[in-house]
Structures are given as structure tokens and as C-alpha cells.
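Chemist:
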Amino acid sequence: MRKRSIIITILPWVMLHAAQAFALDMEYYTYGGFNPVTQAFTKIALIFSDSGYQGLLFVIMVLGLIAGVTAWLARAATGARVIPMVWAVPVFFGAILYLALFVPKGNITVYDPVLNRFQTIGQVPDAVVFTAGFLNKIERGMVDIIDTAAAPGAEYQTTAGGIGFKALESVKGSSPKNNYARTSMIRYVKDCVTFELVRPGTTLSLDDLRNNTTDFLTDLGKAVNPAVYTVYYDAVHPEGANVTCTEAWNSLQPIYANPANYDEAIKKVCSKAYFDPANMAELNTCKTLLTSTLNFTTGTAVTPEKIIQQRQIAEILYNFYFQDDYETSMLMESNRKITSTGLGIGLTMNEWIPIIRAVMTAIAIGVIPFLVLFLFTPVVGKAVSVMFGFFVFLTTWGITDAVIHGAAMDYATYAFEDMRQSNLGVYAMAAFPTISIKLLAMFGVIRSAGIMLASFFSMMLIRFGGHALAMLAGNLSRIVQSGGAQAGQLLTPEGTSAAMNQQVRAAGLLAGMPEHRFSNMAAAGAFSLHRNVGGYKAAMNAKNSLQQSGQIDQGTSDSDMATMMASARMSVGTNSGLVEVSTAPDGHGTRTKSETVNADGSTTVTTTGSGGTGVAVDNMAEGRASYSVDGSGNFQTTQATVNGLNRSQSDPWPSIKK
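Each number in this note's numbering comes from the position in the sequence shown (counting from 1) with 993 added on.
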């Protein structure tokens, strides 16, 4: 009893000095999730500094005391053995934790080495700063150890999630916004380069352009010729001016060689890779990433400007010289059509996993103020366990993601082997967007496995908190996978057509519903089915009858029967008028009937058989005339009616030929 009194006496002194604890300053590294994490730390700082939250804490403390006393009195009323003042222990213990760990405020600096962003957030409770910073420091230490074994340019800290491949893949859709220069380069290739390739003694070859070059400007410069002319376009001559190949190249080469002309294209590439092009530090990080990724995968060290330059010129050369090259054509086509649902899943997962992890971090930080309310209750132990378990899960997820990233980057070196052997030629420029997309898909698929590994480790270490967050992350990843699968189907021609067909059917139903009852529309659909089935039965009956009469072969298939039915009286609009054609099963014409309107206003209906012989009839205001038609297309008058007077072949008119 005396010891308990001493403890209660010194508690206020302990709490007072705990409130005066030194503030902590720590760092928190995130890899691609900068914005959600900084916003979460900012919000928690605002919550703990809000006077309304302080009042809520006091209310919870009072309620905790009342609940403790009530439970103690109820237990005592039953005659059970009770310990005096035991009801106050959870409340005072929670108060000590709060005053010692949450009242002192510190600073946490969030840094994203992938995007090269950082921000310091102040007035964050020491408990949050220490827990997040300490566990993140463990994660950083493991990442550093993993990165020491990584090849240059493949470190997790700078290329997490294959962001370098995302940047490379984005090059294909980015080019300088100078249509005059591009059009002039197309004409230069068509006129000057083509001439140089066939000129005896030339040193320029298609094989060099495809596989052996690292600078198209050097190779294309070999096509200068003062005796060959091309067309050059610019703002002064938008219609084009006839110049020599030498003059055209002297104007084109400085445009393509000037790095400043690629600034907008590089900003577009970096924005697609999640960098802020308006931030010079991030833009420089993106440029370094492009260069290091290409150097890591191909061994070629070039600037981002050169990559974009090579890509644009490669597309022009491909259109002229390599469309018949099956391998290069396939790669170029793959840039436009991704025909695998798996790629949709992988690309979607790879883009969303950093966001999911950042959101999970934000959730873990955001619920801390709510969990702190339970510090003054008997469930204080579980509340602390949940808070700690959240960050354990995030830490283990980061470490497993770094391990998986290393394995994926090792595989990337083998995937780029073909491109490595082709330098920066047309084949390499055609290959790297496709290979980059495949690698991004692979990154997305295998990185999703990191969630399961992190869930297992967090459950093993901390049962509460980590498991709950793991389940939430798993549910989010499954949603993303499902969306990725559906998006991947839309990347295929058959998937696109199916989606468009569904939209057309839906539009038709929505348009018909206001005017027709559901029962009528259902009945119409059923009748359409009956009509199709009835038409099939009628066609089969006709086929059997024709086979029995010998007009068609006994072995005629349903497909042949359908063709013959469609071939009967096939109408076609021609320059002279309507023509109706019927064909035999072997395809030759059996009957042709044409209807034309002549210049004088009369009409002519001509019907001929397979040999070209037949009859023709003229109808006019003055009367009607009939002709016989021979195989050479000559017309012989057989009968005429004029003003009600008839003349026949027995009392003929003079012969008339058309």
C-alpha cells in the first residue's frame, strides 16, 4: 500500500519531466510515394496540435477513470478479492506514455531518392518520429546492403520499381515539336539517303543503320551531294523549297544536334515517369536515370537528348527501308499493339504498388491519433501493438520489395541483349520500348508477391496491426490486378472490338427502352431467333429439293448452300446504273440484268445469260423497243411499239444496231 502511494505521488513529477523531453529529429525514406507520406505526417502534426484533440483526450481519460472505478466497485460488490487503486493503473500508465512520447514534438524529414524530393515536417509527436524513423532506418540499412551488390545504375534507391524502364518506354511517344524539321528529314532520307545507298562506292549501308550505329547524324551526313536535290521546309517556305542535299543537311544537322531543341520532349518523358519537369532537381534526376538505365542495360553511354534523337530518326528510316524486315517490323508493331493481358496486369501493378504502399503508410500514420485515445483504457497494450505492427509491416514490405527489385534488374540485363548488340541503330530503337514494357510488366507481377511476404513476416513478428494492414494492402492489390487484367484485354484487337460491341449493344438497348416495353423487346429478340432458325430450316429444305432434282451436287455443304443463296440476284451499283448478277456454284455468272437511264431519258433493261446472249428492252415516251443481244454485245431490233402501232419480226422495221 505504501509503495502504491509513493508511485501515485511521484507520477505528476514524472509526467512533468516527460513533457519536457527533448524533441527528436529523424529521416524517413520513401521510394516513389513522396506526396501521400508527407501529407500524412503533416496531417498528424496538425491533429496533435489541435486544441480540440486535447479536449477529446481529457474526455477519454475521464471516461477511462469512471469505467475503471465502476468495474472495481462492481467486482468488490460481488465479494471478490480486489486490490485498492488497481483501477487507476491503466489510466496513469497511459498518461505516462502520452506525456512522455506524444506531447514532445520533433521533426521528420521525408526524402524520396527515386524522385529526388524532400520535405521536413515539424511538430510531429516523438513516438511517431521515433517509430517511423527507427524502423525506416532498418529498412534503409537493408536496402543499402542490397544495393552494394547491385550493378551501377540498378540500385533500388534510384530505380525502385523499374522506373528507369518506364522512362525509356516513354521515349517512343516524345519528340521535338518541329514539324518542319521532321518533314524535311523525311524528304532528305527519301531523296538523298536513298540515292547515296545505291551509289557505287558509297560507305553508307542499311546494315550500319540497322545495327552498327550510335549516331544517325554521322551516317546521314554521308548523303550530302551538291548534284542531288530535295525539298526543305521551314517557316519561311512552308510549301517547301528545292535545295541540294548539301544545303538541306547544312540546315538540318544543326537543328537535330542542338540539345536545347529536345527540352520539351525530355520534360514529357520525365512527366510520364512521375517526375516533376518544373523542378530542375527532379528533371536532372530523370535525365541521369535515363542515361544510367540505358548504360546498365546496353552498355551505351549517351545523353537523353541523343536517345530521343535516335528514336525519331529511326522511325523515319524504318518507314523507308525496314518495313519488309520481319523482325524490326514486329518490334515496331509491338510498340502500337500490346497483345497480352498479362502485360496489362503487370503494368498496372507496377504503377500502383508504390501508390498502394504510400497510401498504406499514410493510413498507418493517420490512425495513430485514434489509437492514442486508447492509451488511457485497459486495451492500452493492444493499441501500442497495433501502432508498432503497422510500421513493422511497412518495413518488411520495403525490404522484400528491394530484394525482388534486385532479382528483376538482374533479369533485365539478359532481356536487353539483342538491343545491346545493335548499338543505337533502327533495330535497337524499335526494340527498347517493347522490351521496357515487358520488363515493367514483369516488375509489376513479381513485386505484388512482396505484399504476401511482408504479410507473413509481420504476422510472425507482430500479430496485431501488421496483419490488418497486410490484408488491406492485399485487397487493394487484387483490385488493381483485376483492373489491370481488364485494361490489358483492351490492349488487344479482339478485346477492343468486344468492348466496343458491348457499348453498341448497350446504346441500342438504352435508346429502345423509352419507346418499347421490355416484353416487346424480349419478344422481338425471341422472334429474331425463330426467324434465323426458320430460315435455316427453309434453306435445308431447298437444298434437299435441289439435290433431288439434280440442279446441285449431292455433296453440297451448308457453307456452299449459303454461298449460292447469297449469290442469287446479287445487286451492285455501277457507274452506269443497277446491275443484278446471279452466279453458279463454281462462281461463273449465269444471269446478268442491268438497268440504265440513257441521256435522252429513256431506260434500257438488258438481261443476258452465261454466254452473253439475251434480250434488251428500251422504254421511252415515244414507245417501246425490244432487241436480241448476241455474245459480242450487238443489239438487233426484234419488236417496236410506237404511238400504239406494233411492228413485229414478220413485218420488220429496217434493221437497227446499237
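Every residue, glycine too, gets a C-beta built ideally from N, C-alpha and C.
(1) Using the C-alpha atoms, what's the distance from I1156 back to G1566?
(2) Spatial neighbours of L1366 within its chain, please: C-beta separation below 6 Å, excluding the five flanking residues on both sides.
(3) Quick check: the region 1142 to 1153 against the region 1021 to 1035, are there 3 or more CB pairs under 8 Å?
(4) Any contact between the region 1087 to 1103 and the region 1357 to 1374? By contact I mean 3 or more CB pairs, one from each, below 8 Å.
(5) Can you look up V1635 in the DSSP assignment and give me helix, strand or coil?
(6) As a quick exercise: from K1098, M1533, D1227 and K1536, pick the residue whose alpha carbon is nearest that of M1019.
(7) Less than 8 Å between the CB atoms is what I'm expecting for P1270 and C1263, so what's the real figure, rounded?
(8) Quick check on DSSP: helix, strand or coil for L1049?
(9) What does M1019 pair with, by DSSP beta-bridge criteria?
(10) Would you kindly work out how many angstroms separate the C-alpha atoms of S1521 and V1608, rounded to a whole number?
(11) Per DSSP, what kind of secondary structure is I1331 in: helix, strand or coil?
(12) Are I1037 and V1136 touching if we call contact CB-CB under 8 Å?
(13) Could you tell me if H1523 is buried or exposed, where buried requires 16 or more neighbouring beta carbons within 10 angstroms of its beta carbon?
(14) Report all residues from its chain with a CB closer than 7 Å to the CB of L1213; omit the five preceding and five following residues, and keep chain order.
(15) Any idea what DSSP makes of G944, helix, strand or coil?
(16) Measure the beta-carbon distance from T1389 to V1030 and round it to whole angstroms, keeping in mind my assumption that it falls under 8 Å.
(17) Using a threshold of 8 Å, state whether the C-beta atoms of V1574 and E1588 are closer than that.
(18) According to DSSP, what are the bridge partners of T1278?
(19) Spatial neighbours of A1357 within its chain, please: CB distance less than 7 Å, with the 5 preceding and 5 following residues excluded, ordered by chain position.
(20) In whole angstroms, what is the alpha-carbon distance linking L1282 and I1114?
(21) Taking buried to mean at least 16 other C-beta atoms within 10 Å of its own C-beta, is M1563 buried or exposed?
(22) What are the start and end residues of each continuous alpha helix (DSSP H) run of 4 or more residues lying completely inside the region 1131 to 1195, in chain order?
(23) Nearest CA to the CA of D1140: which residue from I1397, V1164 and N1028?
(24) Compare the Cα-Cα distances from T1585 to each of A1592, G1374, L1571 and D1579 and report the closest residue.
(25) Thinking C-beta only, is N1109 closer than 8 Å to T1284?
(26) From S1550 to Q1541, what does the alpha carbon distance come to, in whole angstroms?
(27) Is it right to say D1611 is buried, meaning 16 or more other beta carbons lie within 10 angstroms of its own, or is it exposed?
(28) Could you spell out the range, first to last residue, of the alpha helix (DSSP H) harbouring T1239?
(29) Say whether chain B places a C-beta atom closer than 8 Å to the C-beta of V1121.
(30) Could you give the distance in angstroms between the alpha-carbon of P1347 and the alpha-carbon of A1160?
(31) Quick one: what's N1591 bridged to in DSSP?
(32) Which two residues bound the contiguous beta strand (DSSP E) that contains M1506?
(33) Quick check on the burial criterion: 16 or more other C-beta atoms within 10 angstroms. Buried or exposed for I1349?
(34) Strictly by DSSP, which residues pair up with M1563?
(35) So for A1011, helix, strand or coil by DSSP?
(36) Smallest Cα separation from G1605: which of M1613, S1595, G1624 and A1592?
Modeler: Considering the structure as presented:
(1) Translated into positions along the sequence shown, residue 1566 becomes position 573. Translated into positions along the sequence shown, residue 1156 becomes position 163. Taking the straight line from one Cα to the other gives about 57 Å.
(2) On the sequence shown, residue 1366 is found 373 positions in, with the first residue counted as 1. The answer, listed in chain order, is I1053.
(3) yes
(4) yes
(5) As a first step, residue 1635 is located in the sequence shown; it is residue number 642 there, counting from the start. Note: V1635 maps to strand in three-state DSSP.
(6) Stepping through the sequence shown from its first residue, residue 1019 is reached at position 26. If we check each option's Cα against that of M1019, K1098 comes out closest.
(7) Within the sequence shown, numbered from 1, the residue matching residue 1270 stands at position 277. Within the sequence shown, numbered from 1, the residue matching residue 1263 stands at position 270. Confirmed, about 5 Å.
(8) Position 56 of the sequence shown holds residue 1049. Residue state, collapsed to three classes: helix.
(9) Reading the sequence shown from its first residue, position 26 is the one you call residue 1019. The partner list for M1019 (beta bridge, DSSP) reads I1101.
(10) Position 528 of the sequence shown holds residue 1521. Position 615 of the sequence shown holds residue 1608. Those two C-alpha atoms are separated by around 40 Å.
(11) What you label residue 1331 is simply residue 338 of the sequence shown in a count that begins at 1. Residue placement at I1331 cannot be trusted, given a pLDDT of 42 that sits under 50; what the coordinates show is reported in the next sentence. I1331 falls in the coil class under three-state DSSP.
(12) By one-based count along the sequence shown, residue 1037 stands at place 44. By one-based count along the sequence shown, residue 1136 stands at place 143. Their beta carbons are not under 8 Å apart, which means I1037 does not touch V1136 by this criterion.
(13) Translated into the one-based positions of the sequence shown, residue 1523 becomes position 530. Classification of H1523: exposed, given that the 10 Å Cβ count is below 16.
(14) One-based indexing of the sequence shown puts residue 1213 at position 220. Around L1213: V1186.
(15) No answer is possible for residue 944: it lies beyond the span of the chain, which begins at 994 and ends at 1651.
(16) Counted from its first residue, the sequence shown places residue 1389 at position 396. Counted from its first residue, the sequence shown places residue 1030 at position 37. Not quite, the Cβ-Cβ distance comes to about 17 Å (not below 8 Å), so this is no contact.
(17) As a first step, residue 1574 is located in the sequence shown; it is residue number 581 there, counting from the start. As a first step, residue 1588 is located in the sequence shown; it is residue number 595 there, counting from the start. Cβ distance not < 8 Å, so V1574 and E1588 don't count as in contact.
(18) Taking the sequence shown and counting its residues from 1, the one referred to as residue 1278 is at position 285. Its beta-bridge partners do not exist; DSSP assigns none.
(19) Here the question's residue 1357 lines up with position 364 in the sequence shown. Hits under 7 Å: F1383, F1384, L1387 and L1462.
(20) For this step, residue 1282 is matched to residue 289 along the sequence shown. For this step, residue 1114 is matched to residue 121 along the sequence shown. Between L1282 and I1114, the C-alpha separation is close to 28 Å.
(21) As a working note, residue 1563 is residue 570 in the sequence shown. Looking at its Cβ environment, which holds fewer than 16 other Cβ atoms inside 10 Å, M1563 is exposed.
(22) 1149 to 1152, 1156 to 1163, 1172 to 1181 and 1187 to 1191
(23) By one-based count along the sequence shown, residue 1140 stands at place 147. The shortest C-alpha separation from D1140 is found at I1397.
(24) Position 592 of the sequence shown, counting from 1, holds the residue named residue 1585. Of A1592, G1374, L1571 and D1579, the residue nearest in Cα terms is L1571.
(25) Residue 1284 sits at position 291 when you count from the first residue of the sequence shown. Residue 1109 sits at position 116 when you count from the first residue of the sequence shown. In this structure, N1109 does not lie closer than 8 Å to T1284 by Cβ.
(26) As a first step, residue 1550 is located in the sequence shown; it is residue number 557 there, counting from the start. As a first step, residue 1541 is located in the sequence shown; it is residue number 548 there, counting from the start. Each residue's alpha carbon lies about 15 Å from the other.
(27) As a working note, residue 1611 is residue 618 in the sequence shown. Buried: at least 16 other Cβ atoms inside 10 Å.
(28) The sequence position of residue 1239 within the sequence shown is 246, counting from 1. Unbroken alpha helix (DSSP H) run through T1239: C1238 to A1250.
(29) The chain inventory of the structure shown lacks chain B, comprising one protein chain alone.
(30) Taking the sequence shown and counting its residues from 1, one reaches residue 1347 at position 354. Taking the sequence shown and counting its residues from 1, one reaches residue 1160 at position 167. Those two C-alpha atoms are separated by around 16 Å.
(31) The residue given as residue 1591 occupies position 598 in the sequence shown. None, per the DSSP bridge assignment.
(32) Within the sequence shown, numbered from 1, the residue matching residue 1506 stands at position 513. M1506 -> no beta strand (DSSP E), and no H or E assigned at all.
(33) Here the question's residue 1349 lines up with position 356 in the sequence shown. The residue is buried, with at least 16 neighbouring Cβ atoms inside 10 Å.
(34) Along the sequence shown, read from residue 1 onward, the residue named residue 1563 stands at position 570. Looking at the DSSP assignment, M1563 forms a beta bridge with V1574.
(35) One-based indexing of the sequence shown puts residue 1011 at position 18. Because A1011 carries a pLDDT of 45, less than 50, the predicted location of this residue cannot be relied on, and no value is offered for it.
(36) What you label residue 1605 is simply residue 612 of the sequence shown in a count that begins at 1. The option with the nearest alpha carbon to G1605 is G1624.
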